[in-house]
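Q:
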Amino acid sequence: MNVTETAAAAAVQLSETLKKIDEAQVEAFMDAICSAKKVFVYGAGRSMLMLRCIAMRLMHLGFQSYVVGDTTTPAFEEGDLLILGSGSGETGSLVNIAAKAKKLGGKIAVMTINRESTLGKMSDVMVEIPAYTDKVDMTDREMPILPGGSMFEQCMLVLGDAMVLPLGKKAGIPTDHYFSRHANLE
Ligand SMILES: O=C([C@H](O)CO)[C@H](O)[C@H](O)COP(=O)(O)O
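Take 1 as the starting number for the sequence shown in full-length UniProt numbering and just add one per residue.
1) Rank Thr118, Val67, Lys38, Val39 by C-alpha distance to the C-alpha of Met48 and give the top, closest one.
2) Since I believe Glu128 is in contact with Arg141 (beta carbons under 8 Å), could you give me their beta-carbon distance rounded to a whole number of angstroms?
3) Go ahead and label Leu167 buried or exposed: buried means 16 or more other beta carbons lie within 10 angstroms of its beta carbon, across all protein chains shown.
4) Within 10 Å of its beta-carbon, does Val125 have 16 or more other beta-carbons around it, so buried, or fewer, so exposed?
5) For Ala109, which residues does DSSP report across the bridge?
6) Hey, how far is the Cα of Lys20 from the Cα of Lys37?
7) Taking Ser15 as the reference, which of Leu165, Glu78, Gly106, Met156 has the closest Cα?
8) Locate the alpha helix (DSSP H) running through Ser150, then write down its first and last residues.
9) Please classify Ser93: does DSSP put it in a helix, a strand, or coil?
10) Is it the case that the segment 2–10 contacts the segment 51–62, given that we only count it when at least three CB pairs across the two stretches are under 8 Å?
11) Looking at ligand 1, does it come within less than 6 Å of Gly69, judged from the CB to the closest heavy atom?
12) Return the CA-CA distance between Lys103 and Cys34, expressed in angstroms with no decimal places.
13) Sorry if obvious, but does the Cβ on Gly148 come closer than 6 Å to a heavy atom of ligand 1?
14) In chain order, what residues of the same chain lie with their CB nearer than 6 Å to the CB of Tyr132, ignoring the 5 residues before and after it?
15) From the DSSP output, in three-state form, read off Val68 for me.
16) Identify which residue in Tyr42, Gly92, Pro74, Ile83 has its Cα closest to the Cα of Ala28.
17) Taking all protein chains shown into account, do 16 or more other C-beta atoms lie within 10 angstroms of the C-beta of residue 231, making it buried, or fewer, making it exposed?
18) Would you report the Cα separation of residue 194 and Lys100, rounded to the nearest angstrom?
19) Which residue or residues does DSSP assign as beta-bridge partners of Val41?
20) According to the Cβ coordinates, are Ile108 and Ser123 closer than 7 Å?
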């Protein structure tokens with residue numbers, strides 16, 4: 001396959017993977033966002049990059065959303081929600097941050113491939129994405145067309161974007177306000 005054929009085949013695999021996600025898990029995930037005082041996101045590597053995109057969309061909708069570790073990110077408090085994205089569900093820095101957030105009285109929402117992982121077990125709500133990661137033994141799973149954790153990471157991004165309109169509706173945000181908060185010093 002050449003590059004464009006590979007990209008098209010990857011998009012098909014992405015679509016097939018997204019269709020397998022449990023809608024009830026997604027609903028619970030969105031409810032957790034709507035009932036949180038503030039929403040924080042955290043991940044490592046490419047997973048974090050996808051979560052930054054999701055945090056931006058939440059800000060567009062009017063949620064108080066923050067990226068853990070950014071200079072202007074405020075304190076995590078009781079009633080806040082920490083969204084973690086981790087293919088493996090075992091990345092050490094995320095496990096530490098999740099434990100701290102729980103201790104501070106917050107809730108944990110996790111997107112992961114691995115429901116039995118440490119983060120899966122720590123979560124209050126979880127969306128299981130049946131993708132592939134090279135970090136966990138996945139011999140039973142279809143090999144991805146894209147390398148490493150790419151399939152998982154892209155599923156997170158598309159799923160997060162797909163939540164935008166339903167989240168806006170759930171939170172009662174007028175549609176003409178959706179993107180008026182986008183940065184205008186650019
Ligand atoms: O950057 C990553 C990627 O898998 C490289 O292909 C991961 O997102 C990063 O290493 C974090 O891992 P997970 O917590 O297992 O997503």
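Backbone N, C-alpha and C fix where the C-beta goes; we use that ideal spot for every residue, glycine too.
A: In short:
1) Answer by Cα proximity: Val67.
2) Taking a contact as a CB-CB distance under 8 Å, the pair Arg141 and Glu128 does not count as one, their CB atoms being some 13 Å apart.
3) By the beta-carbon neighbour count (other beta carbons within 10 angstroms, threshold 16), Leu167 is buried.
4) By the 10 Å Cβ count, Val125 comes out buried.
5) DSSP output for Ala109 lists Ile83, Val125 as bridge partner(s).
6) Taking the straight line joining both Cα atoms gives about 30 Å.
7) Proximity to Ser15 across Leu165, Glu78, Gly106, Met156 peaks at Met156, based on C-alpha coordinates.
8) It spans 150–170 - the alpha helix (DSSP H) in which Ser150 sits, taken as one unbroken run.
9) In the three-state reduction of the DSSP assignment, Ser93 falls in the helix class, which pools H, G and I.
10) Contact between the segment 51–62 and the segment 2–10 is absent, with fewer than three C-beta pairs closer than 8 Å.
11) No, the beta carbon of Gly69 sits no closer than 6 Å to any heavy atom of ligand 1.
12) C-alpha separation (whole angstroms): 21 Å.
13) Relative to ligand 1, Gly148 has its C-beta within less than 6 Å of a heavy atom.
14) Once the five neighbours on either side are set aside, the close Cβ partners of Tyr132 are Met138, Arg141, Pro144, Met151.
15) DSSP places Val68 in coil when its eight states are reduced to three.
16) If we check each option's Cα against that of Ala28, Ile83 comes out closest.
17) Lying before the first or after the last residue shown, residue 231 is absent from the chain, which here runs from 1 to 186.
18) Residue 194 is absent from the structure shown; the chain starts at 1 and stops at 186.
19) Val67, Ile83, per the DSSP bridge assignment.
20) Yes, they are a contact pair.
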